[in-house]
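J.:
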Amino acid sequence: METKQKIEQADQQPLRILVFSASMRKDSLNTRLAKLAAQVMEKNGGVVDYASMSEFDSPSYNQDLEINNFYPQGAEEFCKRLLANDAFVIASPEYNGSMPGLLKNVIDWTSRFRPQPFNERHALLMSASPSMAGGNRALWSLRMPFEHLGARVFPDMFSLGSAHKAFTPDGEIADAILAKRFEASLVAFMNLVEAAKNYPCIKKAWVEFLGEKTDSLIERVE
Ligand SMILES: Cc1cc2nc3c(=O)[nH]c(=O)nc-3n(C[C@H](O)[C@H](O)[C@H](O)COP(=O)(O)O)c2cc1C
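The numbering of the sequence shown is my numbering, which starts it at 438 and goes up by one.
(1) Compare the Cα-Cα distances from residue 630 to each of 557, 585 and 581 and report the closest residue.
(2) Less than 7 Å separating the beta-carbons of residue 551 and residue 455?
(3) Just to confirm, does residue 635 get its C-beta within under 6 Å of one of the non-hydrogen atoms of ligand 1?
(4) Could you tell me if the beta carbon of residue 531 falls within a distance shorter than 6 Å of some heavy atom in ligand 1?
(5) DSSP three-state label for residue 600, please.
(6) Report the three-state DSSP secondary structure of residue 580 (helix, strand or coil).
(7) According to DSSP, is residue 478 part of a helix, a strand, or is it coil?
(8) So, at 8 Å on beta carbons, what are the nonlocal neighbours of residue 461 in its own chain, with the 5 sequence-adjacent residues on each side left out?
(9) Residue 547: which of 513, 621 and 615 sits nearest, CA to CA?
(10) With a cut-off of 8 Å on the beta carbons, I'd call residue 529 and residue 564 a contact; round off their distance for me.
Structure (structure tokens):
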């Protein structure tokens with residue numbers, strides 16, 4: 438009976454997902470992809486918190502600025518929005534085979550909050566680019582800091598190649614097979630986050646560098 442009640446209560450909690458594009462460009466392809474992801478997740482029962490990169494953009498990281506708990510406003514906002522949601526989805530451009538500097542910069546700033554807000558947050562990575570590979574290398578580079586910080590990065594990633602030709606005028610993905618795969622990736626991600634949020638059965642602690650003593654200079658993961 439108690440279990441049934443718990444399941445019923447769990448059923449009442451919708452997933453909250455922060456979605457944003459890491460491009461500040463007005464006609465950004467990644468922003469189109471992020472908006473489409475938000476629509477698809479809402480259609481599938483998620484509650485989307487849509488943000489724009491300009492809300493999180495921060496001045497270049499400098500450890501000397503970290504006096505009296507100073508954090509730039511963009512990092513404060515990113516931290517707040519991560520904590521308010523169960524998961525996050527980023528559509529990121531690829532710059533020179535890697536993630537954009539402005540995104541890494543705000544990740545570095547935000548990693549300084551305690552509790553560290555990426556830890557145990559679920560993440561889905563996507564990209565769009567006019568190139569054939571769709572900016573996929575940016576996503577491999579993004580996995581590194583996120584996994585380092587304890588985020589649960591979904592194994593599947595979605596990269597939209599030839600993205601300048603891939604959208605319909607209404608912002609849908611024109612290719613029907615690709616559109617179906619896009620929705621399937623998002624739904625698979627939502628199912629995993631939903632399971633972790635409402636039906637946790639195994640709690641696993643992950644510790645980097647076994648035996649390392651916690652020290653404010655070297656400590657990165659709580
Ligand atoms: C500095 C810079 C570097 C870029 N490097 C790459 C790259 O390595 N791979 C790629 O596919 N596209 C690259 N591009 C092209 C971007 O994918 C393209 O401009 C894309 O539209 C940017 O994303 P957005 O439309 O969301 O702003 C680069 C663009 C810039 C400005």
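Heads up, the beta-carbon is just placed ideally off N, CA and C, and yes, glycines get one too.
T.: Working from what's here:
(1) As a working note, residue 630 is residue 193 in the sequence shown. Looking at 557, 585 and 581, the one whose alpha-carbon comes closest to that of residue 630 is 557.
(2) As a working note, residue 551 is residue 114 in the sequence shown. As a working note, residue 455 is residue 18 in the sequence shown. No, the Cβ-Cβ distance between residue 551 and residue 455 is not below 7 Å.
(3) What you label residue 635 is simply residue 198 of the sequence shown in a count that begins at 1. Checking the Cβ of residue 635 against ligand 1 gives no.
(4) In the sequence shown, residue 531 corresponds to position 94, counting from 1. Short note on residue 531: C-beta closer than 6 Å to some heavy atom of ligand 1.
(5) In the sequence shown, residue 600 corresponds to position 163, counting from 1. Three-state result, residue 600: helix.
(6) Taking the first residue of the sequence shown as 1, we reach residue 580 at position 143. Here residue 580 sits in helix by DSSP.
(7) Taking the first residue of the sequence shown as 1, we reach residue 478 at position 41. Residue 478: helix per DSSP, three-state reduction.
(8) Working through the sequence shown from its first residue, we reach residue 461 at position 24. Taking C-beta separations shorter than 8 Å and ignoring five residues to either side along the sequence, the partners of residue 461 in its chain run 489, 490, 491, 494 and 539, following chain order.
(9) Position 110 of the sequence shown, counted from the first residue, corresponds to residue 547. The residue with the shortest Cα to Cα distance from residue 547 is 513.
(10) Against the sequence shown, residue 529 aligns to sequence position 92. Against the sequence shown, residue 564 aligns to sequence position 127. For residue 529 against residue 564, the beta-carbon gap comes to about 5 Å, under 8 Å, which counts as contact.
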